[in-house]
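Using full-length UniProt numbering, the first residue of the sequence shown is number 1, and each one after it goes up by one. Cβ coordinates follow ideal geometry from the N, Cα and C atoms, glycine included. Predicted, not measured: the structure shown is a model, and the values here were computed from it. Worksheet for the structure shown next.
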Amino acid sequence: MSHPHPELSAPSALPPGALRVIPLGGLGEIGRNMTVFEHEGRLLIVDCGVLFPEDKHPGVDLILPDFEPIRDRLSDIEALVLTHGHEDHIGAVPYLLRERPDIPLVGSQLTLALLDGKLREHRLKDVQKNVVRERQRVQFGPFDLEFVAVNHSIPDALAVAIRTAAGTVLHTGDFKMDQLPLDGRLTDLRAFARLGEEGIDLFMVDSTNAEMPGFTISERDITPVIDRIFARAERRIIVACFASHVHRVQQVMDAAVEHGRKVAYVGRSMVRNMGVASDLGFLRVPPNTVVDVREVDKFEPNEVVLISTGSQGEPLSALSRIAARDHPQIRIEPGDTVVLASSLIPGNENAVFRVINGLARWGADVVHKGNALVHTSGHASAGELLYAYNIVKPRNVLPVHGEIRHMRANADLAVSTGVRRDRVVVAEDGIVVDLIDGVVRVAGKVECGYVYVDGSTVGDITETSLKDRRILGEEGFISVIVVVDSVNGKVVGGPEIKARGFAEDDSVFDPARVLIEEALGRAGREGTDDTYQLQQLIRRTIGKWVSDTHRRRPMIIPVVVEV
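Rendered as structure tokens:
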């Protein structure tokens, strides 16, 4: 079992006839999925998603994969394959197309339809889209692709088998083995078995639930719970879920019809995605069921159910605005029922609980996965992964889509089914893996960091910038302005000290002013008159005083003006 090492250098040239796998996202994290395959001088990309920011990323809207390792080879890309329509798999596609707009996109009907809105927002026109279905085979350069139906928490998801002269790779995408899926579309285990009989040289397997024993709960098990919630609710019901979770919306829609309620979508992405799903037949909407959110006040509270975005506590989402009493149409009243039909994404806990507390404060009855079975995962648990390994019988394994602990657990499952330990690679983003003569090995690493989207800027925000933002938010800001005589170096004005997020009264800095004046006086007597050196002297002096006196480390901006 291989592990990433910091001492790895850049990989050497790929030997003729070999296959190279370069993960640029999704390994060591849940999100930002993107994998590059190289063979015979050509590239194939599978997925291109985003990662959503955490509290440690103040001001950041999205986090993208780093395209730098392939930026000088964009012309070598044969196609971009999208396994399904979740943001962590398609969200970064427009940013890659900005750099080469004619990359062919390959995906299922729903996946590419959900992408259309993003392409319009980025003003990308005439994009080459190739709609594929399960059991279909297509050729792009040296890559022979076959698509396999898989069950997930969004319809129309696909795994992809990549046949090359170096061997065959089976990439599961995100999947589970729900035996009673709401749409009747099973993970095609017969195709997995057939491919296994042909020989899978590298199995790239979803790791998200590898630590969870047994089997993932079926979506059908959620239906009676939702029905009970509807039966006991006396006022409005608000259900928050992912804007792409068509199955969950269908369950809520069916329950609303059964209990005589109208349905309104809340949130721009929910309205757009459910419109697409309905138009394509993936969402069954009974006549006279859906109403505009602006019309809900025309109905009694017990005649309405709202389906909203914001299940992860996103600050600008519909549910967060409802909890903060900042939504233009929806206002929580005592007795309303709010259902958070989703799992917590790691890092979002504080934001979600903040929303739950906000809703409870206004009298809502909040139902979530912690107190009711209102959600199930879209990912295979350990029992399902064992089935997959035993059916496919791969020669080599590369766990994907998960944090390190998930991928290690997945790797152990592979070994337990008979895969040789030295044929299982646990890698992180940037670790290059080669398949040569049917054997995988770590070949080196490429530098690939986070690329931050902040408003209209992409990639301009650095880790240093984020550190400065965190300091500003947590420790405060102090500016010190001093005017010195350019001839004799004496202080003729100041020091004037201003602070934000540190102290209510600037008079607390009176002792620091004395220390700064004394330090500048000594510097003048010693002949120090360089402005930069004086600024650093001020920074050190007040920084030590603040640390010793207040145990704080604010951002300090010293300004020395010569007259």
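- The alpha-carbon of residue 289 is positioned some 6 Å away from that of residue 263.
- Proximity to residue 138 across 547, 118 and 161 peaks at 161, based on C-alpha coordinates.
- Scanning its chain for C-beta atoms nearer than 6 Å, with the 5 sequence neighbours on each side dropped, one finds around residue 105 the residues 80 and 129, in chain order.
- The alpha helix (DSSP H) runs lying completely inside the stretch 83-139 and spanning 4 residues or more are 87-90, 93-97 and 109-121, given in chain order.
- Here residue 399 has 205, 207, 407, 410 and 411 as same chain residues with Cβ atoms under 6 Å from its own Cβ, once five neighbours each way along the sequence are excluded.
- Per the Cβ contact rule, the stretch 61-78 is not in contact with the stretch 214-228 (fewer than 3 Cβ pairs under 8 Å).
- The beta carbons of residue 534 and residue 492 sit no closer together than 9 Å.
- Proximity to residue 355 across 321, 336, 330 and 259 peaks at 321, based on C-alpha coordinates.
- Within a 10 Å sphere around the beta-carbon of residue 10 sit fewer than 16 other beta-carbons, which makes this residue exposed.
- Distance from residue 50 to residue 88 at the Cβ level is roughly 6 Å; contact confirmed, criterion being Cβ atoms closer than 8 Å.
- With respect to residue 416, residue 377 sits apart: the two C-beta atoms are not nearer than 9 Å.
- Nearest C-alpha to residue 117 among 308, 274 and 519: 274.
- Where residue 553 is concerned, there is no enclosing beta strand (DSSP E), because DSSP gives it neither an H nor an E.
- Here the alpha carbons of residue 521 and residue 48 stand approximately 59 Å from one another.
- DSSP places residue 15 outside both helix and strand once states are collapsed to three, so it counts as coil.
- Positions of the alpha helix (DSSP H) runs, each at least 4 residues long and wholly inside the stretch 238-312, are given as 246-258 and 268-279 in order along the chain.
- Annotated three-state conformation of residue 490 is coil, per DSSP.
- Residue 78 is classed as buried because its beta carbon has at least 16 other beta carbons within 10 Å across all chains shown.
- Where residue 479 is concerned, the enclosing beta strand (DSSP E) starts and stops at 477-484.
- Burial check for residue 234: the Cβ neighbour count within 10 Å stays below 16, so the residue is exposed.
- For residue 365, the uninterrupted beta strand (DSSP E) run begins and ends at 365-367, by DSSP.
- For residue 203, the secondary structure class from DSSP, reduced to helix, strand or coil, is strand.
- At least 9 Å separates the beta-carbon of residue 173 from that of residue 191.
- The stretch 229-249 makes no contact with the stretch 387-401: fewer than 3 CB pairs, one atom from each, lie closer than 8 Å.
- Following the DSSP letters along the chain, one finds residue 192 inside the alpha helix (DSSP H) bounded by residues 189-198.
- Note on geometry: alpha-carbon atoms of residue 484 and residue 514 lie some 16 Å from one another.
- Annotated as proximal: residue 308 and residue 318, with beta-carbon spacing under 9 Å.
- Distance between residue 140 and residue 271, taken at the CA atoms: about 35 Å.
- Contact annotation, residue 531 with residue 562: C-beta distance approximately 6 Å; criterion of less than 8 Å satisfied.
- For residue 158, the uninterrupted beta strand (DSSP E) segment begins and ends at 158-164.
- In the structure shown, residue 381 falls within a strand segment according to DSSP collapsed to helix, strand and coil.
- Of the other Cβ atoms in all chains shown, 16 or more fall within 10 Å of the Cβ of residue 248; this residue is therefore buried.
- Comparing C-alpha distances from residue 341 to each of 372, 43 and 114 shows the shortest one belongs to 372.
- With a contact defined as Cβ atoms closer than 8 Å, residue 215 and residue 75 miss out at about 45 Å.
- Between residue 210 and residue 230 the beta-carbon gap is near 35 Å, outside 8 Å, which marks them as no contact.
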